[in-house]
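Engineer: Structure incoming, see below.
Chains as they are written, first to last, in our numbering: chain A, 1105 to 1220; chain B, 38 to 152.
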């Protein structure tokens, strides 16, 4: 499977600011996903990012708050805009590709954001 | 939407013993994939094992095996000869077959391994 690098791995942010998380895959992938994992919780899908098209957002998530870019088949960014303490969470980038086998989802190590 | 249920928020096992983590799911589809992921304190989600629904044979990966009961919609994970490094959160996940389908995750089971 692919190796996914995320940065930053962690950050402490001030209320009202925005932060962009970068996700780099070491091979071309068809689909990339952004998840949020709040403390002690499971994973919640924010959006699916496909190259060459707008991201598809899940219920409860909007583009103005979580703009996503997917400029090519190996890279994506997620921006958390106008942050509040409720946005404190781990944000996980993931990808899947038929070449991974059985549609396996591969994850980055996550970005832990703390909003003060 | 499909739902994945893990009814055991926490489990513990003695080192070298065997433990079984439970997972049930709800779906009306016949073709899908099931997964167990491990998330240690480092946060890195790691695939432990996967099962294709069309396969009757239970998947095994070294000390990890599953008990897949399709009719009962049950997919439990058995860890044999537990090691300290097995301590982590374990998430059960479901994905419908075909492209473009998202993964659905359970709420996780926190496994503690007692030396």
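Virtual Cβ for every residue (Gly too), placed ideally from N, Cα, C. Just so we're clear, the structure is a prediction, and the values are computed from it rather than from any experiment.
1. Determine the direct distance from the alpha carbon of residue 121 of chain B to that of residue 1115 of chain A, and round the result to whole angstroms.
2. Compare the C-beta of residue 82 of chain B with all C-beta atoms of chain A and state if any pair is closer than 7 Å.
3. Closer than 9 Å by beta-carbon distance: list the chain A residues that pair up with residue 122 of chain B, in chain order.
4. Would you verify that the beta carbon of residue 70 of chain B is, or is not, closer than 7 Å to some beta carbon of chain A?
5. Cβ of residue 1131 of chain A within 7 Å of Cβ of residue 1153 of chain A?
6. Report the three-state DSSP secondary structure of residue 98 of chain B (helix, strand or coil).
7. So residue 1149 of chain A contacts chain B; which residues on that side make the cut at Cβ distance below 7 Å?
8. Starting from residue 1115 of chain A, trace the beta strand (DSSP E) both ways and give me its first and last residue.
9. Apart from the five residues just before and just after residue 1159 of chain A, which ones in its own chain have a Cβ nearer than 6 Å to its Cβ?
10. Starting from the Cα of residue 55 of chain B, find the closest Cα among B:89, B:143, B:113 and give me that residue.
11. I'd like to know whether the C-beta atoms of residue 71 of chain B and residue 93 of chain B end up nearer to each other than 7 Å.
12. Quick check: what's the CA-CA separation for residue 66 of chain B versus residue 1124 of chain A?
Structural biologist: To lay it out plainly:
1. 30 Å
2. yes
3. Those within 9 Å of residue 122 of chain B in chain A number zero; the least Cβ separation is about 17 Å.
4. yes
5. no
6. strand
7. 139
8. 1114-1117
9. 1151, 1153, 1172
10. B:113
11. no
12. 37 Å
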